[in-house]
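Residue numbers (the UniProt record's numbering): 1 to 74. Glycine included, C-beta positions come from ideal geometry on N, C-alpha and C. Because the structure is a prediction, the values reported are computed rather than measured.
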Amino acid sequence: MMELMEAKELKEVKELKDLVLQQGSNLLGVQSSLLEIEKNMGKKDNKDELELKMIELEEKTLLLEKEVKNVSVA
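Here is the structure:
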């Protein structure tokens with residue numbers, strides 16, 4: 001009985017972690033889209049800065065995914 005409860009809790013934790021990862025990715029995707037829109041609005045002076053921010057957002061997404069996967073394994 002105890003094992004069944006633990007298995008259910010582990011499943012719920014995994015589902016919550018997946019949801020957090022998905023929402024984090026969604027948020028970063030929105031931010032990236034906003035930066036892309038800003039870049040396309042003629043702010044050519046800031047083009048390099050915006051591209052750097054987009055790369056940083058992609059790196060943060062990858063780090064978040066890695067962190068969630070590491071916690072899931074542990």
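inquiry  = So for M54, helix, strand or coil by DSSP?
reply    = Taking the first residue of the sequence shown as 1, we reach residue 54 at position 54. DSSP places M54 in the helix class (H, G or I) of the three-state scheme.
key: Exposed unless 16 or more other CB atoms sit within 10 angstroms - verdict on L19   = One-based indexing of the sequence shown puts residue 19 at position 19. With fewer than 16 other Cβ atoms within 10 Å, it is exposed.
task = Measure the beta-carbon distance from S33 to L57 and round it to whole angstroms, keeping in mind my assumption that it falls under 8 angstroms.
result = Your numbering for residue 33 matches position 33 in the sequence shown. Your numbering for residue 57 matches position 57 in the sequence shown. The Cβ separation is near 10 angstroms, so there is no contact.
ask   = Looking only at C-alpha atoms, which of K14, L35, K60 sits nearest to D48?
value = Looking up residue 48 in the sequence shown gives position 48. Nearest option by C-alpha distance: L35.
message = For a cutoff of 8 angstroms on Cβ pairs, would you count V20 as touching chain D?
response = Chain labels in this structure do not include chain D; a single protein chain is all it has.
ask   = Closest to E67 by CA distance: which of M5, S25, E6 is it?
value = Translated into positions along the sequence shown, residue 67 becomes position 67. If we check each option's Cα against that of E67, S25 comes out closest.
ask   = Thinking C-alpha only, which one of K39, E38, I37, G29 is nearest E59?
value = Residue mapping note: residue 59 aligns to position 59 of the sequence shown, counting from 1. Taking E59 as reference, the option from K39, E38, I37, G29 with the minimal CA-CA separation is G29.
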